[in-house]
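Below is one structure; the comments refer to it alone.
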Amino acid sequence: MNKDLVKIILVTAGAVLFNLVFWNEKLAINTVLFDAFLLSALFFLYPNARKSANVNWLLLGHLVSLAMVVVHNTELSKIAFVVTLLLVAGFAEYTHRSAWFAGGSMLMNAVMVVASFVEPIKVNKGKRIKRKGVSRFIRFAIFPIILLIVFFYIYRGANNAFSEIADRIGAQLDLFFSHFFDFFSWQRLLFLLLGLLITGSLLLKSKLDYFSVREARMNDGLQRFRKTLRQKRSGAFFQFVEVVMGKMASGMLALKNENTTGIISLVLLNMLLLLVNIIDVNFLWLHFQYKEGLPVYKMVHEGTELLIVSIVLAMAILLFFFKGNLNFYKRNKWLKYGAYAWIVQNAMLVSSVFLRDYYYILKHGLAYKRIGVLFFLLMVLVGLVTVFLKIWNKRTNYFLFRVNAWAGIVVLVLATTIHWDEFIAGYNLKRKNTVDLDVTFLLSLSDKALPLLDTNIVALQKRQNDAKGLNTDNNFSNCDTCFIEQLKQREKQFEQKQKGYTWLSWNYADAYTKQYFRKKGLITSIH
211 MNKDLVKIIL VTAGAVLFNL VFWNEKLAIN TVLFDAFLLS ALFFLYPNAR
261 KSANVNWLLL GHLVSLAMVV VHNTELSKIA FVVTLLLVAG FAEYTHRSAW
311 FAGGSMLMNA VMVVASFVEP IKVNKGKRIK RKGVSRFIRF AIFPIILLIV
361 FFYIYRGANN AFSEIADRIG AQLDLFFSHF FDFFSWQRLL FLLLGLLITG
411 SLLLKSKLDY FSVREARMND GLQRFRKTLR QKRSGAFFQF VEVVMGKMAS
461 GMLALKNENT TGIISLVLLN MLLLLVNIID VNFLWLHFQY KEGLPVYKMV
511 HEGTELLIVS IVLAMAILLF FFKGNLNFYK RNKWLKYGAY AWIVQNAMLV
561 SSVFLRDYYY ILKHGLAYKR IGVLFFLLMV LVGLVTVFLK IWNKRTNYFL
611 FRVNAWAGIV VLVLATTIHW DEFIAGYNLK RKNTVDLDVT FLLSLSDKAL
661 PLLDTNIVAL QKRQNDAKGL NTDNNFSNCD TCFIEQLKQR EKQFEQKQKG
711 YTWLSWNYAD AYTKQYFRKK GLITSIH
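Numbers in our numbering are just positions in the sequence shown, counted from 1, shifted up by 210.
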């Protein structure tokens, strides 16, 4: 069978499967069914992909993410599942080393999916049905059909029994088509088209391999290039340098001047950052104390975002200085020393930001942003290490972004192995006597946290009583602090949502919550 025809059949089958398993369901055990079909089709169409180490490592990460969708069913696990699936397809269909370029190829697949789907359907001229034969058939059929319709209405008007039979047949046809169009609603049709877009983007390789060709020209190692005086440097970066440095940015002494400018800049920046680090070491590392009457966010959390931005800018500055031929300049030793000192000091700044977040967690407990800061700091440390390796081994920016992308994928997949909502609820409730318990936030967590909240209902009751005691006007019409009532409402909502799902939406997180409420006798109607 023609391979192009096989692709169309597989894409169409995938779209139908997508429609059947995901309509009015959540991503859960149905994801395993759809994923098994997609991976089987992908490796059938592109058999050489299994020989790629990148594909195999990505496949491992993808299967871990898939398992976490079924086990934890968190939004993070679903995001990781989608990202790794796209990358598996990108590396399987194209020649890539970088996740960024593979992502670009998959974006191109999505843009060109209609063209990729329609093109194989075009039948060769030799296989086309002759237009002359079709037109002859239409001409022969028109007159008999007209006669049939005319005499049908004559006999219907002349014979009551025939009319009754015709009416019954018409009623049955009306009933059939009404149910037919109920099943194939516009929403269902659009959902089918969405499935066609998704499966087509994943299985149909676009002929425009722009990103693959572009990446093939890129290397990890820097290469020295020579330019004559007549060759004008172009690009926004060089134009910026020429505006700032004037004539010193061109000519025979350009590298020497840039090296001198870089050394002066890094010396000044290192001195400024050293002062900041000394203050942080004294205030955060050695003599930190919570001050009465002063909110913790004022002491440790304010300014954290700006410090993170400063660290990212610090890495950008190093990329600014260590560009092209300046890496090969023989007298760039002190520029490198300044860069290494700048990296070490920014690593210290990362530690200070970590301490700020840690002190905030000790006082107020865990939350999404506080955990997000920790993961971001981990990625920043990886970035600083790779910047050091770039300067030390004369690597390109391509190397830097490629390695950091792989690190990001690893962190994303590992992060899915923890149910963070349950972890946050467990951590905060376990320390309910030492942290400021934000019950409103806890009640907004996913359904997996409901059993923990129900187990600690006494603590919620105490927090509710304290909140009511602080309210002087005793106005609780909006029930912002009726935590027990809100918890019961969440439990009812969980029960209602589960009634709308079938076995296709089964996942361990929901099953665990349902089992807990069954044992408590709070939920009895969910099968």
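Backbone N, C-alpha and C define an ideal beta-carbon position, used for all residues, glycine too.
Query, Result
"Who does glycine 431 pair with in a DSSP beta bridge?", "Arg605"
"Is tryptophan 716 helix, strand or coil by DSSP?", "coil"
"Which stretch, first to last residue, makes up the alpha helix (DSSP H) that contains arginine 398?", "396-413"
"Assuming the contact rule is C-beta atoms closer than 8 Å, alanine 251 and glycine 224 should be a hit. Round their C-beta distance to whole Å, please.", "7 Å"
"Can you determine whether any heavy atom of the ligand PLP sits closer than 7 Å to the C-beta of phenylalanine 372, and answer yes or no?", "No copy of the ligand PLP appears in this structure; indeed no ligand is present at all."
"Ignore the nearest five residues each way along the sequence and tell me which others in serine 411's own chain have a CB closer than 6 Å to its CB.", "Asn319, Ala320, Val323"
"Rounded to the nearest angstrom, what separates asparagine 643 and tyrosine 726 at their Cα positions?", "25 Å"
"What would DSSP say about glycine 636, mapped onto helix, strand or coil?", "helix"
"Taking the CB atoms as reference points, tell me whether leucine 652 and leucine 663 lie closer together than 8 Å.", "yes"
"Spatial neighbours of lysine 217 within its chain, please: C-beta separation below 7 Å, excluding the five flanking residues on both sides.", "Leu255, Pro330, Leu413, Leu414"
"Cα separation between threonine 222 and threonine 409?", "8 Å"
"With burial defined as no fewer than 16 other Cβ atoms inside 10 Å of the residue's Cβ, what is the status of lysine 337: buried or exposed?", "Because the pLDDT of lysine 337 is 49, which lies under 50, any placement of that residue in the model is unreliable, and the question is left without a value."
"So, is tyrosine 420 buried or exposed, given that buried needs 16 or more other C-beta atoms within 10 angstroms?", "exposed"
"Report the three-state DSSP secondary structure of tyrosine 568 (helix, strand or coil).", "helix"
"Quick one: Cα of tryptophan 267 to Cα of isoleucine 289, how far?", "18 Å"
"Looking at C-alpha atoms only, which residue of Asp214, Asn607, Leu517, Asn258 is the closest neighbour of tryptophan 310?", "Asn607"
"Nearest to valine 554 by CA position, among Arg541, Lys604, Leu479, is which residue?", "Leu479"
"Just to confirm my understanding: we take tryptophan 713, look at its own chain, exclude 5 residues before and 5 after, and list those with CB closer than 8 Å. What are they?", "Ile239"
"Any idea if serine 395 is buried or exposed, counting beta-carbon neighbours within 10 angstroms, 16 or more meaning buried?", "exposed"
"Please state the DSSP three-state secondary structure of leucine 439.", "The predicted model places leucine 439 with a pLDDT of 38, which falls under 50 and marks its position as unreliable, so this point remains unresolved."
"DSSP three-state call for alanine 225: helix, strand or coil?", "helix"
"Does the separation of the CB atoms of lysine 175 and histidine 629 fall below 8 Å?", "In the structure as shown, the chain begins at 211 and stops at 737. Residue 175 is therefore absent and cannot be evaluated."
"Could you tell me whether the stretch 585-596 touches the stretch 537-550, using the rule of 3 or more Cβ pairs below 8 Å?", "no"
"Just the C-alpha distance for lysine 533 and tyrosine 568, rounded to the nearest angstrom, thanks.", "37 Å"
"Have a look at alanine 492 and leucine 482 and give me their C-alpha separation to the nearest angstrom.", "Before going further, note that residue 492 is asparagine rather than alanine in the sequence given. Rounded to the nearest angstrom, the two C-alpha atoms are 16 Å apart."
"Which same chain residues end up closer than 6 Å to leucine 439 when comparing Cβ atoms and leaving out the 5 residues on each side of it in sequence?", "Low confidence applies here, because leucine 439 scores a pLDDT of 38, under 50, leaving its location unreliable and the question unanswered by this model."
"Give me the Cβ distance between lysine 575 and aspartate 648, rounded to the nearest whole Å; I'm assuming they're in contact under 8 Å.", "Reading off the sequence, residue 575 comes out as glycine, not lysine. Rounded, the Cβ-Cβ distance is 7 Å, consistent with contact."
"Distance, Cα to Cα, isoleucine 560 vs tyrosine 718?", "Looking at the sequence itself, residue 560 is valine, so the reference to isoleucine does not match. Straight-line Cα distance between these residues: approximately 37 Å."
"Helix, strand or coil for serine 687, going by three-state DSSP, please let me know.", "Annotation note: pLDDT 45 at serine 687 (below 50); position unreliable, no value reported."
"Taking 8 Å as the cut-off, decide whether the C-beta atoms of leucine 227 and phenylalanine 247 are in contact.", "yes"
"For the putative contact between glycine 548 and leucine 465, defined by C-beta atoms under 8 Å, what is the C-beta separation to the nearest angstrom?", "With 8 Å as the limit, glycine 548 and leucine 465 do not qualify as a contact, their Cβ atoms being about 16 Å apart."
"Output the distance between the C-alpha atoms of leucine 610 and glycine 710, rounded to the nearest integer angstrom.", "47 Å"
"On the CB-based measure, 16 or more other CB atoms within 10 Å of its CB, does lysine 340 come out buried or exposed?", "Here lysine 340 scores only 48 on pLDDT, less than 50, and its place in the model is too uncertain to base an answer on."
"Could you give the DSSP three-state label for serine 444: helix, strand or coil?", "Residue placement at serine 444 is poorly supported in this model, since its pLDDT is 48, which falls under 50; the coordinates still yield a value, given next. If DSSP states are grouped into helix, strand and coil, serine 444 belongs with coil."
"The alpha helix (DSSP H) that contains arginine 424, what's its start and end?", "420-426"
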